[in-house]
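Heads up, the sequence shown is in UniProt numbering, so the first residue is 1 and it goes up one at a time.
Inspection log for the structure reproduced underneath, given as C-alpha cells.
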Amino acid sequence: MKDQKFCLDRIFFVPNFMKNKKIIIVILILSFFALISVKVFQKQKPVSPPFSSPYVGGDRVGVKTNEVSFKDNITGEITVYDFMSKLRSERKIDFTEKNYIGMGKFIETINGIRGNGEKNWIYYVNGEKAKIGVSNYKINMGDIVSWKYEKSNF
Numbered sequence: 001m002k003d004q005k006f007c008l009d010r011i012f013f014v015p016n017f018m019k020n021k022k023i024i025i026v027i028l029i030l031s032f033f034a035l036i037s038v039k040v041f042q043k044q045k046p047v048s049p050p051f052s053s054p055y056v057g058g059d060r061v062g063v064k065t066n067e068v069s070f071k072d073n074i075t076g077e078i079t080v081y082d083f084m085s086k087l088r089s090e091r092k093i094d095f096t097e098k099n100y101i102g103m104g105k106f107i108e109t110i111n112g113i114r115g116n117g118e119k120n121w122i123y124y125v126n127g128e129k130a131k132i133g134v135s136n137y138k139i140n141m142g143d144i145v146s147w148k149y150e151k152s153n154f
C-alpha cells in the first residue's frame, strides 16, 4: 500500500512539474520578444538636425555640421574646400566630393551621410546659402560655414 501511494504521488507530481515547465518556457519566450520589440521600436535619431546656435566669428573661421563645430585659424584667403580638406587631414571631419567641370567640387557625403537625390548637403557662409561650389568659394577669418542636410532645388 505504501508503494502504491509513492507511485501515485510521483504520477501526480510529474504533470504539475510539466505545467510549471511550460509556464516558465512561455514566460521566457514572451520576455525575449518584449526585449526585441523594445529595441526595434525605439525612436531613431534624426539624420541631421538643424543648427541651433551659430558660432560667432572673430579671429577664427568655423565649420558646423551635425551640431559639431570646428574652429580654426587660417592664413589669408582659402576656399571652403581647402578648409574642409585641412579638417579632414586632421581627422576632425570625413567627406567625399565630386568635381563638376565649370562648377567646381560638390560635397556628396559628410561623416557617412550621403546625399540621396531628394536631400543633399547644402552649405551656407555666414547664414547665406552659397551659390557656387566649395572649391570656388573663398572664406576669410571670422566666416562661419554651416552644412545642412536638406532638400535641394537642383
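Built from N, CA and C at the ideal position, the CB exists for glycine as well.
Keep in mind that this is a model prediction, so the values were computed, not measured.
Exercise. Does DSSP put V134 in a helix, a strand or coil?
Worked result: Taking the first residue of the sequence shown as position 1, residue 134 is located at position 134. Coil.
Exercise. Can you tell me whether F33 is buried or exposed, with buried defined as 16 or more other CB within 10 angstroms of its CB?
Worked result: For this step, residue 33 is matched to residue 33 along the sequence shown. F33 comes out exposed.
Problem set entry | Nearest-angstrom Cβ-Cβ length linking E118 and I107, presumed shorter than 8 Å | To locate residue 118, count along the sequence shown from 1; it is residue 118. To locate residue 107, count along the sequence shown from 1; it is residue 107. Actually they are not in contact, since the Cβ atoms of E118 and I107 sit about 16 Å apart, beyond 8 Å.
Problem set entry | Residue from I24, L35, K71 and V26 with nearest C-alpha to M141 | As a working note, residue 141 is residue 141 in the sequence shown. Nearest C-alpha to M141 among I24, L35, K71 and V26: K71.
Problem set entry | Backbone secondary structure at R88 - three-state DSSP | The residue labelled residue 88 in the question sits at position 88 within the sequence shown. Judged by DSSP in its simplified three-state form, R88 adopts helix.
Problem set entry | Y81 to S135 span [Cα, whole Å] | Position 81 of the sequence shown holds residue 81. Position 135 of the sequence shown holds residue 135. In a straight line, the C-alpha of Y81 is about 5 Å away from that of S135.
Problem set entry | Environment of S31 [buried if 16+ CB atoms lie within 10 Å] | Your numbering for residue 31 matches position 31 in the sequence shown. Classification for S31: exposed.
Exercise. Tell me, which residues are paired with T75 by DSSP?
Worked result: Taking the sequence shown and counting its residues from 1, one reaches residue 75 at position 75. When beta bridges are read from the DSSP output, T75 appears opposite no residue.
For this session: Taking D78 and K138 to be in contact with their CB atoms under 8 Å, please state how far apart those CB atoms are, rounded to whole angstroms.
Result: Along the sequence shown, read from residue 1 onward, the residue named residue 78 stands at position 78. Along the sequence shown, read from residue 1 onward, the residue named residue 138 stands at position 138. At residue 78 the sequence reads Ile, which differs from the Asp that was named. Contact between I78 and K138 holds, since their C-beta atoms are separated by about 7 Å, short of 8 Å.
Exercise. Mind checking P46: buried by the 16 CB within 10 Å criterion, or exposed?
Worked result: Start at 1 with the first residue of the sequence shown, and residue 46 comes out as number 46. With a pLDDT of 45 at P46, under the threshold of 50, the modelled position of this residue cannot be trusted, and the question is left open.
For this session: Determine the closest residue to G104 out of R88, W121, G133 and E128, with distance taken between C-alpha atoms.
Result: For the purposes of this step, residue 104 is taken as the residue at position 104 of the sequence shown. From the listed residues R88, W121, G133 and E128, the smallest Cα separation to G104 is found for G133.
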